[in-house]
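Throughout, our numbering is defined as the position within the sequence shown, counted from one, plus 38.
For every residue, glycine included, the Cβ atom is placed at its ideal position computed from N, Cα and C.
Below is one structure, written out as structure tokens, with a few remarks after it.
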Amino acid sequence: MKDLFDVRRTCFVLLGLWVTGSSAWAQDDSCMNALRGTYLLTIEDASGAFASRAIMSISADGAVLVADSRQRTDRFGLQIGDLSCSGNASARSVTLDFGRTEADGEQDIARSDWVLSNDEQGISGKVDVVLYQPVESCDPIRDASACVADPQGTFSFSGSRLTADPR
Numbered sequence: 039m040k041d042l043f044d045v046r047r048t049c050f051v052l053l054g055l056w057v058t059g060s061s062a063w064a065q066d067d068s069c070m071n072a073l074r075g076t077y078l079l080t081i082e083d084a085s086g087a088f089a090s091r092a093i094m095s096i097s098a099d100g101a102v103l104v105a106d107s108r109q110r111t112d113r114f115g116l117q118i119g120d121l122s123c124s125g126n127a128s129a130r131s132v133t134l135d136f137g138r139t140e141a142d143g144e145q146d147i148a149r150s151d152w153v154l155s156n157d158e159q160g161i162s163g164k165v166d167v168v169l170y171q172p173v174e175s176c177d178p179i180r181d182a183s184a185c186v187a188d189p190q191g192t193f194s195f196s197g198s199r200l201t202a203d204p205r
């Protein structure tokens, strides 16, 4: 009889975990549905001055691509990363790209940490950018202790969703 009770208790615990997990997944789906799309961003520095324009694309599974208008002049590449929801219409994203520092010409890895929220007008938030070297031994995701970090600043952004409305 005790074994049967243990089996039932285990089933109830597993059912509770499954239901709790399902609602968390539903929240993430709701967030991803609210955020997925392509946005034209205006990025400003800490003083509010124009820094650049960017195109951010968020897929339904949370993949993030960012192309910035300063890529050619500041010698960095396409930012690629992942997004995780932190509410129904807010999320965090980490993107990486490769570049070359102007000071010494060495390659670096840029890590951008995005915090964004969504409303009827589009998305807005902040992004922290840090350059890491050396490329061959630095891992700014798992362990940045082998890296030399060069913080680039915190930037604010806002943008509207690109739509394919017929004209």
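Of the candidates Ala-87, Gln-117, Cys-123, Gln-117 places its Cα closest to the Cα of Met-94. In the DSSP annotation of this structure, Gln-109 is not part of any beta strand (DSSP E); the continuous alpha helix (DSSP H) holding it starts and ends at 109-112.
Counting along the chain, Asp-181 sits inside no beta strand (DSSP E), nor does DSSP assign it H or E at all. Where Glu-158 is concerned, there is no enclosing beta strand (DSSP E), because DSSP gives it neither an H nor an E. In the displayed model, Ser-122 falls within a strand according to three-state DSSP. Under the three-state reduction of DSSP output, Ala-72 falls in the helix class.
For Arg-138, same chain residues with a beta-carbon under 8 angstroms away, outside a window of 5 residues either side, are Arg-113, Phe-114, Glu-144, Gln-145, Asp-146 in chain order. In this chain, the beta strand (DSSP E) harbouring Leu-103 covers 101-106.
Val-132: member of the beta strand (DSSP E) spanning 128-138, first to last residue. For Ala-89, the enclosing beta strand (DSSP E) starts and ends at 88-96.
Look at Asp-177 here: in three-state DSSP terms it is strand.
Around the beta carbon of Ser-175, fewer than 16 other beta carbons lie within 10 angstroms, which makes this residue exposed. Measuring C-alpha to C-alpha distances from Ile-161 to each of Ser-194, Gly-86, Asp-67 identifies Ser-194 as the nearest.
Contact between Ser-128 and Leu-154 is confirmed by a C-beta separation of about 7 angstroms, below the 8 angstroms threshold. The Cβ atoms of Val-132 and Arg-149 sit closer than 8 angstroms to each other. With a cutoff of 8 angstroms on beta-carbon distance, Ala-89 and Asp-83 are scored as near each other.
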